[in-house]
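Numbering (full-length UniProt numbering) for the sequence shown: 1 to 464.
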Amino acid sequence: MAGYTTDLRRIVSTIVHSLYPPAALPLTLPVGMVLSGAPGVGKSHLVRLLHASFRAFPSRLHCVTVSAPDLFHTQVGRSEAHLAGVFSALKASTVPTLVCIEDLDAIASMSSTVALDQSLLGVLVACLDQASKQPSSRVFVIGTMCRQCRPPLPSPGMLADVAGRTSGFVGADLLHLVREATLHSIHVAKHPGVLHDVAAWEHALSLVRPSSVVQHLPQTSSHLLAPLVGLDDVWAALDVALLQPLRDSSAFRRMGMLPPKGILITGPSGVGKSHLLAVLGAKAQQRATCLSVKCTDLVTKVVGGTEAALAALFATARAAAPCVLLFDQIESLAPVRGFDSTTEQTFDRVLSTLLTEMDGFGTNGKCSVRFDVEIALGLPTESARRAALTKLVAGTPVSTDHQSTEALVAALTDRSEGATIGQLHAIFQEAAMLSLRESIDVTEIRAAALERACCQVVRDACRV
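Right, here's the structure in full:
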């Protein structure tokens, strides 16, 4: 076999180690091998050479050759019985056996819809599974095929993309990821078990997260899918600063700049900072690991405990890089330096730890942290309030009291000047409570109750 010396040595080595496994190494060894190639390249000749070589030691190895086309019979069930009988006869053999199935294409075509082909393939798979579960049988099967045998594996480019998005995954996480992708492929794909479908991997990546960061994963809900009202400019800035670099940072490299390392979102209570943070985390999870942290949960009564928890959090984030840390109410961890009057000066030490962990950020006098990007959320404009109220009216059973919905929204928009998005939601909550106080059996919120609630919520906000 000129030109196949290396392949022949590899085949012989695989057969010998599978039929005569070393006792010192209890490994799971293969029970079969497929030789594929165009007609005439020498597959059958290679098999005959193997048989001739192993037959020189008849007391140590038994060789059997089966032609797949010869397995077909006209009687129902006889083809399957013929194939099963070949393997059944080997159970009584006391010596290792090498089985060669020539022209395996005849029964091992995945695209075949013939019932007999599928039945024979099922019998063959069952026989191979039984041989693998009973190592004492010592049977090795070689099949020859004219068409190229392609394992159901993703392309190298797809594997590289998946590998780049699984930072922080341990072996068990990767096994879970492959299992989820396989199940999705079986349920919805046209070719079950073939992991070439990008949708299968995207589905698996949306479900499986690194086990080391499960406790800090942001909670997702259906309301996060709703569009942000009146924050188009803010979302565009966040997309350029965070989401776009996660997808492709080449634009920043062309400009000779690095993507921002930190974003600070400020604004009064109720303008939607936490909701915006949750939506941002849901979007960023598609390309990075997102850890949602409530800063108040990091503060402990044990001296040094807060600093240790903060350092452990950043260590977890580095192990799962690329990672996005979402700090809610960061002012509870990073107050103005020098205003901690306690003996231990806990918050000054916590702030120093935070600055140390956030590499690349500096201080300037009494300024806590200088972020690369700072976004200030103000009170919603008239158009933003109108859009938010239109959405709230559409999603709430409201009786307009013989006036149009547009007129009701316009009236509420005028009366809610200076209100935040959170207060607009409070208006509908208060109107529902007023309606229920009048009648517990009410099914709709009256327009009058909405107007009363609007005046009450805005008046209470002005007092604050």
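Beta carbons: idealized from backbone N, C-alpha and C, even for Gly.
What you are looking at is a predicted structure, and each value in this text was computed from that prediction instead of being measured.
My assumption, with CB atoms under 8 Å, is that residue i sits in contact with residue j. Please give the rounded CB distance.
i           : j      : result
residue 474 : Ala321 : Any question about residue 474 goes unanswered here, given that the chain covers just 1 to 464.
Gly143      : Val34  : 5 Å
Ile427      : Val398 : Not a contact, Cβ separation roughly 12 Å.
Val293      : Ile421 : Incorrect: roughly 23 Å between the Cβ atoms, too far for contact.
Phe140      : Gly37  : Wrong, their Cβ atoms sit about 20 Å apart, outside the cutoff.
Arg287      : Arg165 : 7 Å
Lys283      : Leu243 : 6 Å
Leu246      : Phe252 : Leu246 to Phe252, Cβ: 11 Å. No contact.
Thr413      : Arg385 : 5 Å
Taking its Cβ as the centre, do 16 or more other Cβ atoms sit within 10 Å of residue i, making it buried, or is it exposed?
i           : result
Leu207      : exposed
Val457      : buried
Gln423      : buried
Val170      : exposed
Leu225      : In this prediction, Leu225 has a pLDDT of 44, which is less than 50 and means its spatial position is unreliable; what the coordinates show is noted afterwards. Answer is exposed; the Cβ neighbour count stays below 16.
His184      : buried
Thr6        : exposed
Thr296      : exposed
Leu46       : buried
Gly378      : exposed
residue 475 : There is simply no residue 475 to check, as the chain begins at 1 and stops at 464 in what is shown.
Met145      : buried
Ser331      : Checking the sequence, you will find Glu at residue 331 rather than Ser. Exposed: under 16 other Cβ atoms inside 10 Å.
Ala453      : buried
Asp103      : buried
Leu50       : buried
Ser211      : exposed
Ile440      : exposed
Glu307      : buried
Val162      : buried
Ser269      : exposed
Lys43       : buried
Arg138      : buried
Hey, does residue i have any beta-carbon neighbour from chain D nearer than 8 Å?
i      : result
Gly422 : The structure shown has no chain D; it contains just one protein chain.
Does the Cβ-Cβ distance between residue i and residue j come in under 8 Å?
i           : j      : result
Gln403      : Ala447 : yes
Leu19       : Pro96  : yes
Glu357      : Ala319 : no
Thr381      : Gly230 : yes
Val99       : Val123 : no
Val324      : Cys290 : yes
Leu326      : Gly267 : no
Phe72       : Ser79  : yes
Pro21       : Leu29  : yes
Leu434      : Ala419 : no
Cys127      : Ala172 : no
Asp232      : Leu277 : no
Ile107      : Leu120 : yes
residue 508 : Glu180 : With the chain represented from 1 up to 464, any question about residue 508 goes unanswered, as that position is not in the structure.
Is residue i close to the ligand ADP? I mean its beta-carbon at under 7 Å from any heavy atom of the ligand.
i     : result
Gly85 : Here there are no bound small molecules, and the ligand ADP is not part of this structure.
Examine the Cβ distances between the stretch 261–268 and the stretch 294–304 and report whether three or more of them are shorter than 8 Å.
In this structure the stretch 261–268 does not lie against the stretch 294–304, because fewer than three pairs of beta carbons, one per stretch, are closer than 8 Å.
Of all the alpha helix (DSSP H) runs that stay within the bounds of the stretch 222–306, which reach a length of 4 or more residues?
Fully enclosed alpha helix (DSSP H) runs of 4 or longer: 232–238, 244–247, 250–254, 273–284 and 295–298.
The stretch 346–355 in contact with the stretch 227–245 per 3-pair CB rule at 8 Å:
Judged by Cβ distances under 8 Å, the stretch 346–355 makes no contact with the stretch 227–245, as fewer than three pairs qualify.
Does the stretch 383–396 come into contact with the stretch 408–424, if we say contact requires no fewer than three beta-carbon pairs (one atom in each stretch) closer than 8 Å?
They touch, by the three-pair rule.
Run through the stretch 73–134 for me and flag every whole alpha helix (DSSP H) of 4 or more residues, listed as ranges in chain order.
Listed in chain order, the complete alpha helix (DSSP H) runs (minimum 4 residues) inside the stretch 73–134 are 78–91 and 115–133.
Hey, which unbroken runs of the alpha helix (DSSP H) at 4 residues or more fall wholly within the stretch 370–415?
Here the runs fully enclosed are 382–394 and 405–415.
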